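Accompanying notes for the structure given below.
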Amino acid sequence: MNTTDPYAGERLQESPFHPRLQALNIRNAWASWNGYKFAEYYYDAEYEYFCVRNSCGTYDISPMQKYEISGPDAEAMLNRMVTRDVAKIKLNRVAYCVWCTDEGRMIDDGTIFKLSSDKFMLTCGSPCSAWLEKSVFGFDGVKVADVTDNLAALSVQGPTSCAVLKNMGLIGIDAAKRFDIMRFPFHGDTLMVSRTGFTGDLGYELWIRPALALELWDELYAAGADYGIQPYGEVATNMARLEAAFIMPAMEFNEALRTVHFEHDQTPFELNLGWLVDFDKPHFSGRSALLREKKRGSQYALTKLDIEGNKPAEGSYIYKNKRCTRKIGYVTSAMWSPAVKANIALAMIRTEHLQGQLWAEIYYEKELRQYSRVARCTRKEKPFWAPARARVTPPPDY
Amino acid sequence: MNNYDAIIIGAGHNGLTNAAYLAKAGLNVVVLEKNDYIGGAAVSRELHEGWIYSSCSYVCSMMRQALHRDLDLSRHGLLLVPYLGTINFGDGGERLFSYHDGEAARLELKRHSPHDADAMFRFRADLTRYSLLIRKTLLRTPPDPTSFRPRDIHELLFLARQFWALGEKQIYEYVRFFTMSAAEYLEDYFENDLIKAAMASPGIIGTALGVYSPGSSYILLHHVMGDVDGSIGAWGLARGGMGAISDAIANALKEHGGEIRTGAGVQKVLVNNRKAVGVVLENGDQIGAGIVVSNLDARRTFTRIMDRNDLPDGIFEKAVNFKIRGSSGKVNIALSGMPKFTHVPENRYIARGGQGFAGSLETMERAYDCWKRGRWSDDPFIESVIPSAWDPTVAPPGKHWMSNFVQYCPPELADGPWTPEKRDQFGQTVVDKIERYSPGFKDLIVHMEVRTPHEIEQEIGLTEGNIFQGELTVDQLLFNRPFPGYAQYRMPGKKLYMCGS
Ligand SMILES: Cc1cc2nc3c(=O)[nH]c(=O)nc-3n(C[C@H](O)[C@H](O)[C@H](O)COP(=O)(O)OP(=O)(O)OC[C@H]3O[C@@H](n4cnc5c(N)ncnc54)[C@H](O)[C@@H]3O)c2cc1C
Numbered sequence: 312m313n314t315t316d317p318y319a320g321e322r323l324q325e326s327p328f329h330p331r332l333q334a335l336n337i338r339n340a341w342a343s344w345n346g347y348k349f350a351e352y353y354y355d356a357e358y359e360y361f362c363v364r365n366s367c368g369t370y371d372i373s374p375m376q377k378y379e380i381s382g383p384d385a386e387a388m389l390n391r392m393v394t395r396d397v398a399k400i401k402l403n404r405v406a407y408c409v410w411c412t413d414e415g416r417m418i419d420d421g422t423i424f425k426l427s428s429d430k431f432m433l434t435c436g437s438p439c440s441a442w443l444e445k446s447v448f449g450f451d452g453v454k455v456a457d458v459t460d461n462l463a464a465l466s467v468q469g470p471t472s473c474a475v476l477k478n479m480g481l482i483g484i485d486a487a488k489r490f491d492i493m494r495f496p497f498h499g500d501t502l503m504v505s506r507t508g509f510t511g512d513l514g515y516e517l518w519i520r521p522a523l524a525l526e527l528w529d530e531l532y533a534a535g536a537d538y539g540i541q542p543y544g545e546v547a548t549n550m551a552r553l554e555a556a557f558i559m560p561a562m563e564f565n566e567a568l569r570t571v572h573f574e575h576d577q578t579p580f581e582l583n584l585g586w587l588v589d590f591d592k593p594h595f596s597g598r599s600a601l602l603r604e605k606k607r608g609s610q611y612a613l614t615k616l617d618i619e620g621n622k623p624a625e626g627s628y629i630y631k632n633k634r635c636t637r638k639i640g641y642v643t644s645a646m647w648s649p650a651v652k653a654n655i656a657l658a659m660i661r662t663e664h665l666q667g668q669l670w671a672e673i674y675y676e677k678e679l680r681q682y683s684r685v686a687r688c689t690r691k692e693k694p695f696w697a698p699a700r701a702r703v704t705p706p707p708d709y
Numbered sequence: 112m113n114n115y116d117a118i119i120i121g122a123g124h125n126g127l128t129n130a131a132y133l134a135k136a137g138l139n140v141v142v143l144e145k146n147d148y149i150g151g152a153a154v155s156r157e158l159h160e161g162w163i164y165s166s167c168s169y170v171c172s173m174m175r176q177a178l179h180r181d182l183d184l185s186r187h188g189l190l191l192v193p194y195l196g197t198i199n200f201g202d203g204g205e206r207l208f209s210y211h212d213g214e215a216a217r218l219e220l221k222r223h224s225p226h227d228a229d230a231m232f233r234f235r236a237d238l239t240r241y242s243l244l245i246r247k248t249l250l251r252t253p254p255d256p257t258s259f260r261p262r263d264i265h266e267l268l269f270l271a272r273q274f275w276a277l278g279e280k281q282i283y284e285y286v287r288f289f290t291m292s293a294a295e296y297l298e299d300y301f302e303n304d305l306i307k308a309a310m311a312s313p314g315i316i317g318t319a320l321g322v323y324s325p326g327s328s329y330i331l332l333h334h335v336m337g338d339v340d341g342s343i344g345a346w347g348l349a350r351g352g353m354g355a356i357s358d359a360i361a362n363a364l365k366e367h368g369g370e371i372r373t374g375a376g377v378q379k380v381l382v383n384n385r386k387a388v389g390v391v392l393e394n395g396d397q398i399g400a401g402i403v404v405s406n407l408d409a410r411r412t413f414t415r416i417m418d419r420n421d422l423p424d425g426i427f428e429k430a431v432n433f434k435i436r437g438s439s440g441k442v443n444i445a446l447s448g449m450p451k452f453t454h455v456p457e458n459r460y461i462a463r464g465g466q467g468f469a470g471s472l473e474t475m476e477r478a479y480d481c482w483k484r485g486r487w488s489d490d491p492f493i494e495s496v497i498p499s500a501w502d503p504t505v506a507p508p509g510k511h512w513m514s515n516f517v518q519y520c521p522p523e524l525a526d527g528p529w530t531p532e533k534r535d536q537f538g539q540t541v542v543d544k545i546e547r548y549s550p551g552f553k554d555l556i557v558h559m560e561v562r563t564p565h566e567i568e569q570e571i572g573l574t575e576g577n578i579f580q581g582e583l584t585v586d587q588l589l590f591n592r593p594f595p596g597y598a599q600y601r602m603p604g605k606k607l608y609m610c611g612s
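Chains A and B, in that order, give the protein sequences. Converting from the first sequence to my numbering requires adding 311 to each position, the first position being numbered 1. Converting from the second sequence to my numbering requires adding 111 to each position, the first position being numbered 1.
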């Protein structure tokens, strides 16, 4: 009998790794990302988080948006779009970038891979075709292709990640420095590996044609069996990235192109990303506005906080005084860090109040009743989690 | 002649912690350790190349978060990883899995007893309530109920308030809880014997009590109070073994300018005018200090490294009588592969929990009877875990080691002193028991370290090998610890303090 699924049009798309993810998602905890079915967690979010910190975790990043930008004007066009100097990215290197509106408000962040002199890959969290189309305007020799569905991607993160890849036969991978790209023959095709990730720990991202996704998975998991390999989902990712003090859309920043209310979006300076803004390079989107901001100073500053007690300051306001009468900011992400054993948070705070006292009013529930407590916050300069192994080449085996 | 502001005798994790806090406060401190390695019972040792045992203690439960933060222990290399549930092996071949996930755990209980699955809610709520109360009291310097100093009265009032907040019925329950046996207490909630055995087993670990001994239910509580990540009852492993804890604390200590001397056993505490003024080392060196802190248990402190004449009347006798009854052994086994257990599915998570060879309440009680008669049990209760299943740093890839905590093992045998042969027989008993549940286990053994209370006492100086430095029975806790009149971590002598368990 020919059965057609009457709900087919409403179902989520499945990642090339889906058969393996599904088998391991024994809690059936699915969310979605860019139309793809996407694991919130597989077994236990905290356990998965600890695999990232203690052994090795894999995270399906196939739903991430991927664009191939090629042609003689590709570099110039990207350079016009993002705030960083694309001309400085060397061949087979990756650079973290942001791009802004003319008003200098941040549209999104992502990574640019320089694949050859006239070919780049841009990855980002949210769909970006329309903005890319706009940015191509005026450049004749550029082709933009959305390759999201043509490239399966898996992030492999944690202290044993390099050992697992070596064990899988990727000879020489330990020589890759942070943001390096390497290629390995794989079943008649090419496996691209970049030393990148979103966990603040040692880690790599693997890029492969979807038809070979399951072979890749199986070989990786066979190689990783004795190194504690384990899939992790969105919850664990969010924990790891917060410890590394990485920003997340819809948490730390509201994408400018989706922002309704005036200045409810952010600028790179406010997000501590001033180091990505290069005024010495040719003109780029948002340049004048950002230059003005740089001279005048920013309204807000994304701040790393260590908060007393152990109640996460989720959704808290930040005050200048313990009595909580003078509001000076708001928490964007907060959690109890299981690795650092500290109550950590990122918060947007009015720059003029950064140097003074900081107090968070924390709400929490205990058996149906609401409680609140006021906790002193301490500003931190460094990320909460930044192990040496993340920077060392060759990295240790665990 | 003060070389230091403070001397800490013993580099156990408690001694190191004490020293680190003092150094952080700006004092000039030195830790004197008799062994040539630090850590005491919280130690990682490579006794066979490539395998790193947590020789004594193996899981971390009651470490306070404040300590981690105050001393910045993650920066000093400490990562505590919680572990998944335990498999409990029943005498008749039953298996009880204590799954990590609440719903999965409940379904598993339901397979054994629908009644007990429901009763678990009440059991957990009651235990959590008691443990919260204990936590509020555990971390405070215990009050002296006979003192009229404002701080003591304030503390007593604090305790009383916490107590009255429970309500009258609960106070009765709480008092009952303190005096009952684990088995009796569990009877109130559960019908299934394996469930009861699984629940009772933490209650007897390290004690010289049986599951039917009055007072054993209280110890049950001590084991659900774990502080790994605020979730009460969670247990964790230290990445790199328990020595990673001692090492991280030692790093913090050194960063704050403190000093550690190994191979520096203290022979005697020097007392002048009832006031501690320093120590004499085994090699005869004298070191002076403003205060002296002992990390040794009460009995050792007062009977071994103090002159009886320096103590107030009666203390020596009290120290001799302080209950320290060793009851546990430890068998660490290096394995060439992951053991397989019968009737246990092979899935990626199960090996990452612990194994409890409790059998039944009956079996546990029989094991206790052996101990009372000065024998080790031939069917002992074993609490095991395979740390290498989730710690990549403690065994080569694909190889493993298994930590087996054995209850009961007497410090003195009825048939004469411990000998290396008897020690090995004891180890063999443990291996034989595991082999019953995991055929082929013996073939995986690469190396074994067997530690009876005798070895533990010799090496670490835990009297009778008692893991808690003195029993945690009601008569020896809080304001009665170590002796009535001498709680508050202070000692019969000025400038002399204790910091052990
Ligand atoms: C086999 C075993 C298993 C255990 N399992 C666990 C567990 O899994 N989880 C848990 O939480 N707890 C466990 N414990 C209990 C825990 O390990 C101890 O309570 C804790 O380690 C005690 O630490 P401490 O610092 O107070 O003393 P210790 O670790 O006893 O340290 C005392 C130190 O003093 C030194 N010393 C002794 N005499 C002298 C001297 N004269 N001069 C100088 N130095 C001296 C010793 O060498 C030692 O280093 C276990 C204990 C044992 C023995």
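Glycine included, every Cβ here is placed at the ideal spot set by N, Cα and C. Since the model is a prediction, treat every value here as computed from it, not as a measurement.
- In the DSSP assignment, His511/B falls within the beta strand (DSSP E) that extends over His511 to Gln518.
- Considering only Pro374/A, Val363/A and Ser599/A, the residue with the shortest C-alpha distance to Thr412/A is Ser599/A.
- At least one CB atom of chain B sits nearer than 8 angstroms to the CB of Ala653/A.
- Per DSSP, the beta-bridge partners of Ala671/A are Ile629/A and Ala686/A.
- For Arg547/B, the enclosing alpha helix (DSSP H) starts and ends at Pro531 to Tyr548.
- For Asn583/A, the three-state secondary structure derived from DSSP is coil.
- Under DSSP, Cys171/B forms a beta bridge with Gly347/B.
- Contact between the segment 319 to 333 of chain B and the segment 282 to 302 of chain B is present: three or more C-beta pairs spanning the two stretches fall below 8 angstroms.
- When distances are taken from the beta-carbon of Ser155/B to the heavy atoms of ligand 1, even the shortest one reaches 7 angstroms or more.
- In the DSSP assignment, Phe552/B forms no beta bridge with any residue.
- At a threshold of 7 angstroms, Ala152/B counts as near ligand 1, since its beta carbon sits closer than that to one of the ligand's heavy atoms.
- Listed along the chain, the chain B residues whose CB falls inside 8 angstroms of the CB of Phe495/A amount to none; the nearest CB is some 21 angstroms away.
- The beta-carbon of Trp482/B is placed no less than 8 angstroms from the nearest beta-carbon of chain A.
- A distance criterion of 7 angstroms places the beta-carbon of Ser172/B in contact range of ligand 1, judged by its closest non-hydrogen atom.
- Annotated three-state conformation of Tyr354/A is coil, per DSSP.
- In the three-state reduction of the DSSP assignment, Ala650/A falls in the coil class, being assigned neither a helical nor a strand state.
- The alpha-carbon of Ala355/B is positioned some 27 angstroms away from that of Ile435/B.
- In this structure, Gly121/B lies near Ser405/B, with their beta-carbon atoms less than 8 angstroms apart.
- Looking at the DSSP output, Val141/B bridges to Ile118/B and Glu370/B.
- Taking 8 angstroms as the cut-off, the beta carbon of Ser437/A is found no closer than this to the beta carbon of Pro579/A.
- Judged by the Cβ position, Ser612/B qualifies as a neighbour of ligand 1 at the 7 angstroms threshold, a heavy atom of the ligand being closer than this.
- Contact annotation: Gly317/B and Ser438/B have beta-carbon atoms nearer than 8 angstroms.
- Flagged as an interface residue toward chain A: Gln176/B, by a C-beta distance shorter than 8 angstroms.
- Residues of the segment 339 to 362 of chain A with a C-beta atom less than 9 angstroms from some C-beta of chain B are Tyr354, Asp355, Glu357, Tyr358, Phe361 and Cys362, listed in chain order.
- Distance check between Arg395/A and each of Pro593/A, Lys606/A, Ala699/A and Ala697/A places Pro593/A closest, using alpha-carbon atoms only.
- Taking a 10 Å sphere around the C-beta of Val703/A, we find fewer than 16 other C-beta atoms and assign the residue as exposed.
- Excluding residues up to 5 positions away in sequence, Glu386, Asn390 and Lys592 lie with their Cβ nearer than 8 angstroms to the Cβ of Ala398/A in the same chain.
- Judged by DSSP secondary structure, Ala400/B falls within the beta strand (DSSP E) whose first and last residues are Gln397 to Ser405.
- The C-beta distance from Gly464/B to Ile198/B rounds to 7 angstroms, short enough to fall under 8 angstroms.
- When beta bridges are read from the DSSP output, Pro325/B appears opposite no residue.
- Placement of the Cβ of His575/A at a distance of 7 angstroms or more from every heavy atom of ligand 1 is found.
- In the assembly as shown, Ile418/A is a buried residue. Its beta-carbon has 16 or more other beta-carbons within 10 Å.
- Proximity of Leu446/B to chain A, defined by a Cβ-Cβ separation below 8 angstroms, is not satisfied.
- Shortest Cα-Cα distance from Pro531/B to any of Ser185/B, Ile426/B and Thr563/B involves Thr563/B.
- Cβ contact annotation for Arg534/B (same chain, cutoff 6 angstroms, sequence separation greater than five): Val561 and Thr563, in chain order.
- Annotation for Gln468/A: the continuous beta strand (DSSP E) segment containing it runs Ala463 to Gln468.
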